[in-house]
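In terms of this note's numbering, the sequence shown is residues 7 to 144. In this text, a Cβ means the ideal position worked out from N, Cα and C, and glycines have one as well. The structure under discussion appears below in the form of structure tokens.
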Amino acid sequence: MKNFKPTKEDLRDAANRTIEDLIDYNLKVLFCGINPGIWSGATGFHFAKPGNRFWKTLHLAGFTDRLLHPSEEHELLENGFGITSFCKRTTATAAKLSKKEIINGGKVLVKKVLEFKPQFAAVLGIGAYRTAFNQPKT
7 MKNFKPTKED LRDAANRTIE DLIDYNLKVL FCGINPGIWS GATGFHFAKP GNRFWKTLHL
67 AGFTDRLLHP SEEHELLENG FGITSFCKRT TATAAKLSKK EIINGGKVLV KKVLEFKPQF
127 AAVLGIGAYR TAFNQPKT
């Protein structure tokens, strides 16, 4: 899958698909994105669009011993890390989500944290965090 490049048709058809959580009990960190992009919808992997900084940042921050490709995301679980999103629906940009979807996603995230009990939950995106948890910019 490392060399798979979605076609224009694949990307068009990927809108509004869902990407399942990469989650397990007692993780070290559960990373929470806003929602999957259409590259993720086309490939089935989180943070799949070339140029997305998630995988490189994860590696440079020391969470992984090497730079993982999105198709290797299962290795995160083996190392105690997981991925979820406020909204599972794929869109071209997060701006396509409604405020209501993000607020609902915050409630779902709280339930996931209480059920799966990760040591830490890391929300990726300050704007989504503020919206989901009613924390206005001060």
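Report task. Give the range of the beta strand (DSSP E) segment to which leucine 36 is assigned. Result -> 35–39
**Report entry** DSSP bridge partner residues for phenylalanine 10 (one or two, in chain order)
**Finding:** In DSSP, phenylalanine 10 forms no bridge with anything.
Requested in this report: Verify whether the separation of the beta carbon atoms of leucine 33 and glycine 86 is less than 9 Å.
Outcome: yes
**Report entry** Beta-carbon proximity of glycine 39 to glycine 131, cut-off 9 Å
**Finding:** yes
**Report entry** Distance CB(phenylalanine 53)-CB(isoleucine 89) smaller than 9 Å
**Finding:** yes
Query raised in the report: DSSP on arginine 59, reduced to helix/strand/coil?
Result: coil
Report task. Pick helix, strand or coil for alanine 128, following the three-state DSSP scheme. Result -> strand
Requested in this report: Taking the CB atoms as reference points, tell me whether isoleucine 44 and alanine 98 lie closer together than 9 Å.
Outcome: yes
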